[in-house]
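Enquirer: In case it helps, this note's numbering puts the sequence shown at residues 6 to 552.
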Amino acid sequence: MRDDVSVSDKVAQGERVLGACVVHAAGADVPVTTVLTRLRTRSTDRWRADPEEAIVRDVSVSADETVTPRVTMRLDQRAPDDVIADLLGIVGPTANRRLTGVATAGGWAAADGDPKTSWQTPFGQAVGSRLTIPGGLADGPLSILQLGGDHSPITGLRLRVGGAQVDLAVPPADADGRSVVALPDDLPAGDAELEITVIDERIVLDRRYAEPVVLPAAIAELTIPPASMPERVDTGCRDDVLTVAGRPVPLRVEAEAADLLAGDAVTATACAAGPLVLRAGPTRLTTSSGATTGLHVDRIVLAPVPTPPPGDASTAEPNATVTASERLSRDVTVTDCPDGCWLVLGEGYHESWSAHAGDVDLGPPQLVDGGFNGWWIEPTDGPVDVTVRWTAQRPLTLALVVSVLAILACLLLVAVDRRTVPVPGAPGARFDTLRRRDDLRTCVAAAGTWILGAVFFVGPAWGVAAAAGGLLVLLTRRPWLAGLVSLGIIAFVGAVITSVVRDERPFPDAGWPVRFEWLHGWGLFAAASLSAVALADWSRRPPERAP
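(1) Would a C-beta distance cut-off of 7 Å place residue 79 and residue 60 closer than the cut-off?
(2) Strictly by DSSP, which residues pair up with residue 371?
(3) Can you tell which of 524, 204, 218, 58 has the C-alpha that lies nearest to the C-alpha of residue 497?
(4) Between residue 159 and residue 227, is the Cβ-Cβ spacing less than 7 Å?
(5) Using a Cβ distance threshold of 8 Å, determine whether the stretch 209-228 contacts the stretch 116-129, with at least three qualifying pairs required.
(6) Less than 8 Å between C-beta atoms, sequence neighbours within five positions excluded: which residues of the same chain meet that for residue 170?
(7) In terms of residues, what are the limits of the beta strand (DSSP E) holding residue 152?
(8) Among 57, 285, 131, whose alpha-carbon lies nearest the alpha-carbon of residue 70?
(9) Could you pull out every residue in the same chain whose Cβ sits closer than 6 Å to the Cβ of residue 287, ignoring the five residues on either side in sequence?
(10) What's the call for residue 204, buried or exposed, on a 16-neighbour Cβ count within 10 Å?
(11) Residue 465 by DSSP, collapsed to three states: which one?
(12) Hey, how far is the Cα of residue 193 from the Cα of residue 166?
(13) By the DSSP assignment, the beta strand (DSSP E) with residue 400 in it spans what residues?
(14) Could you tell me which uninterrupted alpha helix (DSSP H) segments, each at least 4 residues in length, are contained entirely in the stretch 246-328, listed from first to last along the chain?
(15) Could you compute how far the alpha carbon of residue 56 sits from the alpha carbon of residue 141?
(16) Name, in chain order, the residues that DSSP records as bridge partners for residue 358.
(17) What are the residues that DSSP puts in a beta bridge with residue 353?
(18) Mind checking whether residue 519 and residue 215 have CB atoms under 7 Å apart?
(19) Candidates 400, 376, 49, 367: which alpha carbon is nearest residue 393's?
(20) Starting from residue 487 and walking both ways along the alpha helix (DSSP H), at which residues does that stretch end?
(21) Who are the Cβ neighbours of residue 574 in its own chain at under 7 Å, not counting the five residues just before and after it?
(22) Taking contact to mean at least 3 C-beta pairs separated by less than 8 Å, is the stretch 494-511 in contact with the stretch 457-464?
(23) Three-state secondary structure (DSSP) at residue 185?
(24) Let me know the secondary structure DSSP gives residue 30 once reduced to three states.
(25) Would you mind stating whether residue 210 and residue 511 have Cβ atoms separated by less than 7 Å?
(26) Taking all protein chains shown into account, decide if residue 50 is buried (16 or more other Cβ within 10 angstroms of its Cβ) or exposed.
(27) Can you list, in chain order, the residues of its chain whose CB lies under 8 Å from that of residue 333, leaving out five sequence neighbours each side?
(28) Do the CB positions of residue 455 and residue 487 come within less than 7 Å of each other?
(29) Is residue 169 helix, strand or coil by DSSP?
(30) With a threshold of 16 other CB atoms inside 10 Å of the CB of residue 300, please say whether the residue is buried or exposed.
(31) Can you tell me whether residue 536 is helix, strand or coil according to DSSP?
(32) Would you mind stating whether residue 472 and residue 533 have Cβ atoms separated by less than 7 Å?
(33) Measure the alpha-carbon distance for residue 202 versus residue 184 and round it to whole angstroms.
(34) Quick check: what's the CA-CA separation for residue 308 versus residue 154?
(35) Is DSSP giving residue 336 helix, strand or coil here?
(36) Looking at residue 208 and residue 509, is the spacing between their C-beta atoms short of 7 Å?
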């Protein structure tokens, strides 16, 4: 970490400037590269928005500095359909909304001729989602191919075209998975709009809050004029993406359309020839919002233009050659290190790594490069042989040996302490007769166990239910009635879980059991009921004789 670079936050002209960087004079021989990164979140996380819609930074230098900008950009996965279509040159239907953060699920996917792609609505917002279809509908009935599985089927649409409006019922799909909708014969010409008005709701548990939410609707194909999808995109030189000190910096993006739609990062090309000059003092860098341009600037790297070295200076870079690699050690030869250099072991940082240059201990590893082990090699004119070792294996091996010895000792104790006199086997399990009546002592013990177990392990209210059951046991002298209660509860809980899983299809993560938390008391009461039966069976057994 350099001590001549400071970072601060400030608010200027009503606009928050995150991480305003101040780079102080560091000397001509110490190049400083400035990296500005936009704070963002995963585009498909529908519960969160990006902390930063655009980059707004102040970079201050104490002297004029010439830099080469490198700009990393992505397609804004949440930009409106019409913005993305205009940017990429897509001609076809567009939607007023789509699945959050998934550009490939735009309206054009319903007319691209590929049944594997689809226009998908957001969660819980299928009704009211609509497609705008330029040029209107094709002649004949409207054929709709919907995605099955985890989607809500569309059962009603509203068609608007040329000032006319008609509600359409979507019938169940045929054997090919298509629903054919008859259209009126007197529809006017012009652009059409299809709005989802009715769906057969499919429910799933929200992954974050475990609340029921309606699954999206999805249309894979429509019999409408096909969409035109470009294979490659060239945005041309755009001056509405990045400005430096109030002056636009034209940038150009050339990439495969599929890569942009998938959210891959691309490197923009600066249209202006030559490097960028940062004047002494503060310089503000500002990018546009992806919602308006369709392009997000995720990172800007301002690298200083390198100064050509003197003609007689050596340009050799330090070099590390691995001469031997064992499971627990590496032998490395470092050359061309006249000014000192860092030896970096590209394995996870841990203090148990050690390094020696001959008999010289290089000290504990330093945390470098965001998570690796580094040792400083002092300036030298010749090669340096370094041995890197993992020192934590020996105590781990000793611990494993001790564990194995303990297991062997346990096995030895089991073998030595074997009984010489066989123990008579317990009688086999059998079903008790429903007419069996136990004595009063056994019934009192069973009822008391039932009540106490319900009160202490479930709650006082459940103790009242157990008291009613215990009274029935005392009146009938049949403790096995508590077992029937336990079986009934188990059947009830199983039926509820089966029904919820079948209808709601909760996401299979660690949170889905929360949906059944209200059944916890029932399960504990079943255990208390079963313990009453077990105690009654134990109390009626004759005492065992000592061998």
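No residue lacks a Cβ here, since even glycine has one placed at the ideal position from N, Cα and C.
Expert: Per the coordinate set shown:
(1) To locate residue 79, count along the sequence shown from 1; it is residue 74. To locate residue 60, count along the sequence shown from 1; it is residue 55. Going by C-beta atoms, residue 79 is not nearer than 7 Å to residue 60.
(2) Within the sequence shown, numbered from 1, the residue matching residue 371 stands at position 366. Here residue 371 is bridged, per DSSP, to 379.
(3) What you label residue 497 is simply residue 492 of the sequence shown in a count that begins at 1. Measuring from the Cα of residue 497, the nearest candidate turns out to be 524.
(4) As a first step, residue 159 must be located in the sequence shown, where it is residue number 154. As a first step, residue 227 must be located in the sequence shown, where it is residue number 222. Taking 7 Å as the Cβ cut-off, residue 159 and residue 227 do not qualify as a contacting pair.
(5) As far as the Cβ criterion goes, the stretch 209-228 touches the stretch 116-129, which means the pair count is three or higher.
(6) Mapped onto the sequence shown, residue 170 falls at position 165. Closer than 8 Å at Cβ, skipping near neighbours: 163, 164.
(7) One-based indexing of the sequence shown puts residue 152 at position 147. The continuous stretches of beta strand (DSSP E) do not include residue 152, and DSSP gives it neither H nor E.
(8) Looking up residue 70 in the sequence shown gives position 65. When only C-alpha atoms are compared, the closest one is 285.
(9) Residue mapping note: residue 287 aligns to position 282 of the sequence shown, counting from 1. Same-chain partners within the cutoff: 63, 65.
(10) Numbered from 1 along the sequence shown, position 199 holds the residue referred to as residue 204. Residue 204 is buried by the Cβ-count criterion.
(11) The count along the sequence shown starts at 1 and reaches residue 465 at position 460. Residue state, collapsed to three classes: helix.
(12) Residue mapping note: residue 193 aligns to position 188 of the sequence shown, counting from 1. Residue mapping note: residue 166 aligns to position 161 of the sequence shown, counting from 1. Cα to Cα, residue 193 sits roughly 7 Å from residue 166.
(13) For the purposes of this step, residue 400 is taken as residue 395 along the sequence shown, with counting starting at 1. First-last for residue 400: 398-421, but that is the alpha helix (DSSP H), not the beta strand (DSSP E).
(14) The stretch 246-328 contains these whole alpha helix (DSSP H) runs: 262-266, 295-298.
(15) Looking up residue 56 in the sequence shown gives position 51. Looking up residue 141 in the sequence shown gives position 136. Looking at the two C-alpha atoms, the distance is approximately 40 Å.
(16) On the sequence shown, residue 358 is found 353 positions in, with the first residue counted as 1. Bridge partners of residue 358 according to DSSP: 395.
(17) Here residue 353 refers to the residue found at position 348 of the sequence shown. According to DSSP, which records beta bridges pairwise, residue 353 is partnered with 377.
(18) Reading the sequence shown from its first residue, position 514 is the one you call residue 519. Reading the sequence shown from its first residue, position 210 is the one you call residue 215. Contact flag set, yes.
(19) What you label residue 393 is simply residue 388 of the sequence shown in a count that begins at 1. The option with the nearest alpha carbon to residue 393 is 367.
(20) Counted from its first residue, the sequence shown places residue 487 at position 482. Counting along the chain, the alpha helix (DSSP H) containing residue 487 begins and ends at 485-509.
(21) Here the chain has residues from 6 to 552 only, and residue 574 is not among them.
(22) With the cut-off at 8 Å, the stretch 494-511 and the stretch 457-464 do not touch.
(23) Residue 185 sits at position 180 when you count from the first residue of the sequence shown. In this structure, residue 185 counts as strand in the three-state DSSP scheme.
(24) Position 25 of the sequence shown holds residue 30. Model confidence at residue 30 stands at a pLDDT of 44, short of 50, so the residue's coordinates are unreliable; what they give is reported in the following sentence. In the structure shown, the three-state DSSP call for residue 30 is coil.
(25) Position 205 of the sequence shown, counted from the first residue, corresponds to residue 210. Position 506 of the sequence shown, counted from the first residue, corresponds to residue 511. When the beta-carbon positions are compared, residue 210 and residue 511 come within less than 7 Å of each other.
(26) Position 45 of the sequence shown holds residue 50. Residue 50 is exposed by the Cβ-count criterion.
(27) Reading the sequence shown from its first residue, position 328 is the one you call residue 333. Cβ neighbours of residue 333 beyond the five flanking positions: 394, 395, 398.
(28) In the sequence shown, counting from the first residue as 1, residue 455 sits at position 450. In the sequence shown, counting from the first residue as 1, residue 487 sits at position 482. In this structure, residue 487 lies closer than 7 Å to residue 455 by Cβ.
(29) Translated into positions along the sequence shown, residue 169 becomes position 164. Judged by DSSP in its simplified three-state form, residue 169 adopts strand.
(30) Along the sequence shown, read from residue 1 onward, the residue named residue 300 stands at position 295. Burial check for residue 300: the Cβ neighbour count within 10 Å reaches 16 or more, so the residue is buried.
(31) As a position in the sequence shown, residue 536 is number 531, starting the count at 1. Residue 536 falls in the helix class under three-state DSSP.
(32) Working through the sequence shown from its first residue, we reach residue 472 at position 467. Working through the sequence shown from its first residue, we reach residue 533 at position 528. No, they are not a contact pair.
(33) To locate residue 202, count along the sequence shown from 1; it is residue 197. To locate residue 184, count along the sequence shown from 1; it is residue 179. CA-to-CA, the gap between residue 202 and residue 184 works out to about 16 Å.
(34) As a position in the sequence shown, residue 308 is number 303, starting the count at 1. As a position in the sequence shown, residue 154 is number 149, starting the count at 1. Straight-line spacing of the CA atoms in residue 308 and residue 154 works out to 50 Å.
(35) The residue you call residue 336 lines up with position 331 of the sequence shown. DSSP, read as helix, strand or coil, puts residue 336 in strand.
(36) Looking up residue 509 in the sequence shown gives position 504. Looking up residue 208 in the sequence shown gives position 203. Cβ atoms of residue 509 and residue 208: closer than 7 Å.
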